[in-house]
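The structure appears right after this line, and notes come after that.
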């Protein structure tokens with residue numbers, strides 16, 4: 001039943017006490033997460049759930065080794081799943097807490113609204129202070145962490161305690177983390193950075209060496225970074241790129257060197273504006289079939305991986321100027337390498353090459369060719385067509401000089 005007060009009657013002490021207690025309880029809550037933080041938390045939960053299910057499925061289809069009893073192997077699988085589920089709970093913990101806090105605030109919002117209706121009788125003047133107090137508490141509970149977002153007069157952001165992780169175009173604000181430089185970012189904080197970067201239209205995102213070692217994959221929300229042109233994920237422990245990486249249509253530079261990448265998603269071939277791709281120091285063995293669509297690539301670094309061959313589609317990269325494939329297990333080059341006619345520098349050191357294809361002679365722009373520490377015994381006669389070649393390193397091979 002609604003409580004009404006007349007114009008000449010003050011609110012009763014009991015009524016004021018009831019409203020006051022609601023206000024005190026509201027104020028006792030922890031800081032209310034921002035919209036971006038809640039969105040980041042939801043993204044983390046979805047990502048962890050997706051990765052967890054994929055890994056559980058992988059464990060389920062594992063085959064029992066020949067010398068291990070099936071019952072023992074089943075126990076091993078169960079142990080792996082249990083450990084994986086525990087890890088997932090730990091990774092979701094912070095995100096679930098934020099979502100739960102936000103739900104509590106939503107509940108209190110409804111309670112306060114109902115309380116306001118109950119006390120909104122004729123004596124509005126007597127209760128105006130109550131309404132103002134409630135509104136003030138609601139405003140105080142919404143946190144926009146100023147340590148994370150700093151704006152300059154010209155619309156750009158500046159550093160707080162260290163170099164910004166994200167930079168925007170001159171007309172938009174950029175997002176910076178306020179964490180100390182030595183502190184690694186949790187999955188939740190990475191998701192928050194991505195949400196803020198997407199909101200502010202950041203064009204450069206630098207997460208080089210910033211992720212905690214436990215982070216093996218990125219939040220699916222990374223697909224929101226449609227304005228980002230440069231993305232640095234190097235020197236972390238990432239094992240896979242999300243399949244929605246193809247949403248980063250504006251991306252021109254992608255640096256993922258020194259991670260734990262085993263393969264690349266097929267969708268990477270949709271990053272048609274990519275000019276620079278650094279994948280060195282990972283665990284890659286193959287490139288996806290779609291790789292040949294990256295026709296704007298100019299610089300490609302595949303060094304220090306586990307390639308035994310390059311795909312035929314490498315020949316589609318006709319604008320490629322620098323190609324580094326040193327320190328792999330290459331046994332041969334595809335003949336389509338001859339279609340990479342823009343190549344200026346080709347680095348093939350520390351491989352298992354025995355010969356070069358005749359098509360190498362088509363690389364008339366080539367200036368630097370290094371092949372030391374291979375097993376090459378001779379060069380094709382077409383090498384004579386490389387009129388711009390000024391540096392050729394064949395040291396530590398099996399070549400024989402005829403006199």
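Residue numbers (full-length UniProt numbering): 1 to 403. No residue lacks a Cβ here, since even glycine has one placed at the ideal position from N, Cα and C.
Only buried fits residue 315, as 16 or more other CB atoms lie within 10 angstroms of its CB.
Taking C-beta atoms as the reference points, residue 276 and residue 308 fail to come closer than 8 Å. Among the bridge pairs identified by DSSP, residue 345 is matched with 322 and 368.
The C-alpha of residue 78 is placed about 38 Å away from the C-alpha of residue 254. For residue 71, there is no enclosing beta strand (DSSP E); the residue is part of the alpha helix (DSSP H) that begins and ends at 70-119.
Taking 8 Å as the cut-off, the Cβ atoms of residue 399 and residue 378 count as close. Listed in chain order, the beta strand (DSSP E) runs fully inside the segment 186-220 are 202-206, counting runs of at least 3 residues.
The distance from the Cβ of residue 338 to that of residue 311 is about 15 Å, inconsistent with a contact at the 8 Å cut-off. Contact annotation: the segment 52-71 does not touch the segment 29-37, with fewer than three C-beta pairs closer than 8 Å. Between the segment 17-34 and the segment 198-210, the count of Cβ pairs shorter than 8 Å is below three; the stretches do not touch. Residue 299 is bridged by DSSP to 276 and 322. For residue 16, the enclosing alpha helix (DSSP H) begins and ends at 13-27.
With contacts defined by Cβ atoms closer than 8 Å, residue 264 and residue 288 form a contacting pair. Put simply, the segment 11-18 does not touch the segment 68-87. Fewer than three CB pairs are less than 8 Å apart. For residue 56, no beta strand (DSSP E) run applies; the uninterrupted alpha helix (DSSP H) run containing it begins and ends at 35-60, by DSSP. According to DSSP, residue 232 shares a beta bridge with 206 and 255.
Following the DSSP letters along the chain, one finds residue 392 inside the beta strand (DSSP E) bounded by residues 391-393. Residue 370 sits buried, since 16 or more C-beta atoms from the chains shown fall within 10 Å of its C-beta. With respect to residue 374, residue 392 sits apart: the two C-beta atoms are not nearer than 8 Å. When the beta-carbon positions are compared, residue 41 and residue 85 stay at least 8 Å from each other. When C-alpha distances from residue 303 are compared across 293, 271 and 351, the shortest belongs to 351. DSSP places residue 377 outside both helix and strand once states are collapsed to three, so it counts as coil.
Residue 293 sits in a helix when the DSSP states are folded into three classes. For the pair residue 324 and residue 306, the CB atoms are not nearer than the 8 Å cut-off. Residue 269 and residue 243 have their C-alpha atoms roughly 11 Å apart.
The beta carbon of residue 342 is closer than 7 Å to those of 318, 319, 320, 321 and 365 in its chain, skipping five residues each way along the sequence.
Nearest C-alpha to residue 54 among 22, 230, 279 and 88: 88. For residue 383, the three-state secondary structure derived from DSSP is helix. Between residue 188 and residue 44 a beta carbon distance of about 6 Å is seen, short of the 8 Å cut, so the two are scored as contacting.
Secondary structure of residue 243 (DSSP, three-state): helix.
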